[in-house]
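In our numbering, the protein residues as written are 644 to 922.
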């Protein structure tokens, strides 16, 4: 018994050690950015060892960000792009996932394989083609041009496809016996079962859109249309570079993500735990 208890205690210590290590690796950079954004002029940014707690805490770095760049305009632009991307992914990925999982048509397996293959293609490999398409459509330097290539993500389609595939066939068969058509089965039977996964798709789409930097940087040229990630790059100039302001801008950009995730956290956890079955 003593040996068994010793093994259990050793295993518990190892698990907690791994959890603490993951916490440091994942939360450490965020805590450092928060600390850096609160440090005043008298704080040594390059002290050894690094000082996590500011000795002269201040909020002037955040007001400095508001003074140097039009943050509210950039937030509005990013919000509009994120709204389009989230709406497009929730709507189109849900419809495509339902079609791949519940409908029977020729080349369904080939279409599914196409979405899987699309996951393997890096964005940098197709970004030139995307830009040429957006330019030919006359959507360069517009928020719609920023949102258009990410209105449907292959990963989100596959997530919804797996969620719909997990719904018992008996539910849809019962609806067929009651005379339900395809749209009624889709909206009234299947969609209520996958609300959690839809929340997962919404969060993935929002975070990806909000944090995107390369594509908006390529498409947008007018500062009035800059998204937040591109606009905050103005805090770093050729002859001026204040890490405190950059850290404050990073925290400002992070706040909407935290708020959005907090609003959908309950559905997000349900989607991860339950998959396509509603409890």
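Beta carbons are placed, not taken as given, at the ideal position from N, Cα and C, and that holds for glycine.
Query	Result
Closer than 8 Å is the cut-off here; do at least three beta carbon pairs connect the region 759-774 with the region 820-833?	no
Shortest alpha-carbon distance to residue 928 belongs to which of 656, 824, 767?	The question about residue 928 has no answer, for the chain in this structure spans 644 to 922.
Check whether the Cβ atoms of residue 861 and residue 677 lie closer than 8 Å to each other.	no
For the alpha helix (DSSP H) that residue 705 lies in, which residues bound it at each end?	703-711
From this set, 852, 659, 832, which residue's C-alpha is nearest residue 812's C-alpha?	832
Would you grab the beta carbon distance between residue 771 and residue 858 for me? Rounded to a whole angstrom, and I think it's under 8 Å.	With a Cβ gap of about 12 Å, residue 771 and residue 858 do not count as contacting.
Roughly how far, in whole angstroms, is the beta-carbon of residue 729 from the beta-carbon of residue 849, given that I think they are within contact range, below 8 Å?	5 Å
Taking CB distances under 8 Å as the criterion, tell me whether residue 828 reaches chain B.	This model lacks chain B altogether; it includes just one protein chain.
Work out the CA separation of residue 739 and residue 805 for me, nearest whole Å.	11 Å
Using three-state DSSP, classify residue 782 as helix, strand or coil.	coil
Return the first residue and the last residue of the alpha helix (DSSP H) that residue 829 is part of.	From DSSP, residue 829 is part of no alpha helix (DSSP H); its letter is neither H nor E.
With a CB to CB cut of under 7 Å and the five nearest residues on each side skipped, what residues in its chain are close to residue 661?	none
Roughly how many angstroms separate the alpha carbons of residue 679 and residue 709, rounded to a whole number?	17 Å
Can you find the residues in the same chain that come closer than 6 Å, C-beta to C-beta, to residue 828, ignoring five residues on each side of it along the sequence?	815, 818
Count the other C-beta atoms from every protein chain shown that fall within 10 angstroms of the C-beta of residue 881, then say buried if there are 16 or more, exposed otherwise.	Low per-residue confidence applies at residue 881: pLDDT is 47, beneath 50, and the placement is therefore not dependable enough to give any value.
Assuming residue 732 and residue 844 are in contact, meaning their beta carbons sit under 8 Å apart, how far apart are those beta carbons, in whole angstroms?	6 Å
Below 8 Å on the Cβ atoms is my contact criterion, and I expect residue 888 with residue 707 to pass it. Report the Cβ-Cβ distance as a whole number of Å.	5 Å
With residue 737 as the anchor, note down where its alpha helix (DSSP H) starts and where it stops.	737-745
Report the rounded CA-to-CA distance for residue 891 versus residue 722, giving the unit in angstroms.	19 Å
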